[in-house]
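In the working numbering, the protein residues as written are 1 to 512. Positions of the beta carbon are idealized from the N, C-alpha and C atoms, including for glycine.
Structure follows, in structure tokens:
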């Protein structure tokens with residue numbers, strides 16, 4: 001066999017080549033790369049194609065140089081660990097986040113927005129090219145990866161769906177094991193907004209479920225989708241996707257196409273995929289659920305339902321909800337009622353009632369009836385049922401200690417979270433705060449000086465704390481409302497107690 005010449009690759013590609021593929025090719029990979037080893041050549045070709053496509057299609061030349069020419073060798077250990085994680089979990093954001101921090105740390109002229117955009121695009125290309133060349137990797141991203149380029153596998157553009165595929169149209173995530181508590185009124189409102197009781201209703205606009213992180217938007221949408229009466233209304237199926245802050249839109253659209261029995265591989269971009277899906281669904285009656293939307297444009301690509309279909313979005317942010325579904329068709333999701341909160345806690349940790357009912361009630365109040373926080377606390381308490389005294393101490397600790405509440409862990413999630421990488425309540429709440437600019441983050445932290453249950457304030461008081469004119473404080477509060485961090489409360493404004501915990505923690509770290 002003729003030895004394949006070694007191609008010239010940039011520093012990022014070489015790092016990936018030498019370490020990402022070791023799990024496939026073994027420790028002798030680098031030596032084999034320079035021999036006549038076909039697998040090495042294929043993987044090398046995938047990286048070369050990724051780099052070539054990135055250079056040709058991404059206009060920011062300074063960032064291209066930073067990634068492929070000027071990348072510091074001192075960052076290799078962190079990148080190696082992130083690359084290994086990427087191979088195990090291709091949809092995980094760890095590789096993206098690590099590469100982002102490396103570039104921001106090495107190049108102070110680059111903004112986070114520029115870096116984030118570049119890395120998102122690079123990982124999309126890398127996923128496509130590796131899936132074309134590496135069979136093991138392709139299996140990890142099967143049904144979501146979009147293949148492109150000259151080496152695209154030969155697939156028919158359309159095919160008749162199998163019986164298994166026809167059933168898979170109902171690809172709804174499972175309900176939480178503890179069930180759904182205290183959402184009867186909201187479910188009734190959603191059914192009415194979707195005109196599910198009106199025979200022959202068509203051209204019904206989308207509905208958006210909007211509220212802060214952890215409020216239960218996803219669970220509410222799941223309860224709707226799992227309702228047998230709702231499923232009977234949509235016999236041709238329910239399409240569900242969860243976006244998150246950094247979705248691979250093309251891959252998610254392709255997964256819908258595959259579940260419906262069509263290939264979107266030849267389509268040129270997201271808009272073309274959307275148009276194909278619209279054509280397919282035009283005469284169908286389906287429920288389309290687009291969960292966890294963080295960007296208007298990204299969410300709009302999933303508006304594919306025909307006149308007889310219905311669409312539901314979930315998001316934290318007001319502008320996204322009103323853009324995708326209008327203000328009149330946005331349902332603000334609020335915390336559950338006290339009796340539902342206590343029932344949820346008892347469902348997860350039944351022995352809590354026998355230890356101290358009054359303390360359990362106080363915990364629900366301290367968590368201000370936020371479903372996610374109650375769920376995480378209930379699971380933690382359930383692990384301590386064998387030692388009642390320890391469970392009692394944990395109850396008190398969750399009530400009295402801010403850090404204990406914020407560090408409650410969620411072992412599952414929608415943004416690539418798994419049991420190996422549990423995410424804290426603090427991180428979940430912080431996702432919205434991190435989207436604020438630095439001055440607004442400081443002002444948000446300062447809101448923790450207000451007390452009371454519930455925590456509310458007037459604009460005049462905020463102006464005094466922020467030392468700014470009332471008009472300026474009103475504009476800032478408006479931005480907080482749009483991010484789902486603050487809500488109007490009569491002629492005052494309200495912030496959830498756990499967001500106040502988060503703000504107090506920020507204030508301490510910022511030394512304000």
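Just to check my reading of the structure: residue 364 and residue 342 have Cβ atoms closer than 8 Å, yes? What is that Cβ distance to the nearest angstrom?
Right, their Cβ atoms sit about 5 Å apart.
Determine, using beta carbons only, whether residue 333 and residue 209 come nearer to each other than 8 Å.
Contact flag set, yes.
Residues in its own chain within less than 7 Å of residue 12 by CB, not counting five upstream and five downstream?
These residues qualify, in order along the chain: 67, 68 and 71.
Three-way DSSP call (helix, strand, coil) for residue 210 in this model:
Under the three-state reduction of DSSP output, residue 210 falls in the strand class.
If I measure Cβ to Cβ from residue 155 and keep anything under 6 Å in the same chain, skipping five residues before and after, which residues do I get?
Note that residue 155 scores a pLDDT of 36, beneath 50, so its modelled location is shaky and nothing firm can be said.
Residue environment, residue 314, which counts as buried when at least 16 other CB atoms sit within 10 Å:
Burial state of residue 314 is buried, judged by a 10 Å Cβ sphere holding 16 or more other Cβ atoms.
In or out: residue 490 buried (at least 16 other Cβ within 10 Å) or exposed?
If you draw a 10 Å sphere on the C-beta of residue 490, you find fewer than 16 other C-beta atoms in it, and that means exposed.
Assuming the contact rule is C-beta atoms closer than 8 Å, residue 348 and residue 375 should be a hit. Round their C-beta distance to whole Å, please.
About 7 Å separates the two Cβ atoms, so the contact holds.
Go to residue 431, then tell me how far its alpha helix (DSSP H) extends in each direction, as first and last residue.
Annotation: the continuous alpha helix (DSSP H) that includes residue 431 extends over 425-433.
Looking at residue 194 and the ligand FMN, is the gap between the Cβ and the nearest heavy atom below 7 Å?
As for the ligand FMN, it is missing from this structure, which has no ligand bound.
Could you check whether residue 124 and residue 248 sit closer than 8 Å to each other, using their CB atoms as the reference points?
For the pair residue 248 and residue 124, the CB atoms are nearer than the 8 Å cut-off.
Residue 442 versus 384, 268 and 480, residue with shortest Cα-Cα distance
Cα-wise, what sits closest to residue 442 is 480.
Exposed or buried, which one is residue 471 when buried takes at least 16 other CB atoms within 10 Å?
The Cβ neighbour count for residue 471, taken over all protein chains shown within 10 Å, is under 16; the residue is labelled exposed.
In this structure, does DSSP put residue 68 in helix, strand or coil?
Residue 68: helix per DSSP, three-state reduction.
Residues in its own chain within less than 6 Å of residue 320 by CB, not counting five upstream and five downstream?
Spatial neighbours of residue 320 in its own chain (CB-CB distance under 6 Å, excluding positions within 5 residues in sequence) are listed in chain order as 293 and 296.
Kindly indicate which three-state DSSP category residue 95 falls into: helix, strand or coil?
Note: residue 95 maps to helix in three-state DSSP.
Spatial neighbours of residue 399 within its chain, please: C-beta separation below 6 Å, excluding the five flanking residues on both sides.
If we look at residue 399 and ignore the five residues flanking it on each side, its Cβ neighbours are 362, 363 and 366.
Would the beta-carbon of residue 238 fall within 8 Å of that of residue 229?
No; because the gap between Cβ atoms is not below 8 Å, this pair is not in contact.
Determine the contact status of residue 306 and residue 281, defining contact as a CB-CB distance below 8 Å.
Yes, the Cβ-Cβ distance between residue 306 and residue 281 is below 8 Å.
According to DSSP, which residues form a beta bridge with residue 489?
Residue 489 pairs with 492.
Thinking just about the alpha-carbon of each residue, which of 448, 482 and 192 is nearest to the one in residue 516?
No statement about residue 516 is possible, as the shown extent of the chain runs from 1 to 512 and does not include it.
Burial state of residue 510 (16 or more Cβ within 10 Å):
The residue is exposed, with fewer than 16 neighbouring Cβ atoms inside 10 Å.
To the nearest angstrom, how far is the alpha carbon of residue 346 from that of residue 181?
Roughly 11 Å separates the two Cα atoms.
Would you report the Cα separation of residue 200 and residue 344, rounded to the nearest angstrom?
Residue 200 and residue 344: Cα-Cα distance of roughly 38 Å.
Pairs of beta-carbons, one from the segment 93-107 and one from the segment 44-52, closer than 8 Å: are there three or more?
Contact between the segment 93-107 and the segment 44-52 is absent, with fewer than three C-beta pairs closer than 8 Å.
Counting only the same chain and skipping the five closest in sequence on each side, list residues whose C-beta sits under 8 Å from that of residue 498.
If we look at residue 498 and ignore the five residues flanking it on each side, its Cβ neighbours are 214, 367, 368, 370, 373, 405, 406, 425 and 429.
What residue does the beta strand (DSSP E) around residue 240 start on, and which one ends it?
Element bounds for residue 240: 238-242.
Counting C-beta neighbours from all protein chains within 10 Å, is the total for residue 508 16 or more, i.e. buried, or is it exposed?
Counting Cβ neighbours within 10 Å, residue 508 comes out exposed, since fewer than 16 surround it.
Beta strand (DSSP E) runs contained entirely in the segment 330-399, provided each spans 3 or more residues:
Taking only runs of at least 3 residues, the beta strand (DSSP E) segments lying wholly in the segment 330-399 are 330-332.
Contacting residues, own chain, Cβ-Cβ under 8 Å from residue 211 (five flanking each side not counted)
Within the same chain, 217, 316, 332, 333, 334 and 484 come within 8 Å of residue 211 by CB-CB distance, once the 5 residues on both sides are set aside.
Work out the CA separation of residue 273 and residue 143 for me, nearest whole Å.
With a pLDDT of 42 at residue 143, under the threshold of 50, the modelled position of this residue cannot be trusted, and the question is left open.
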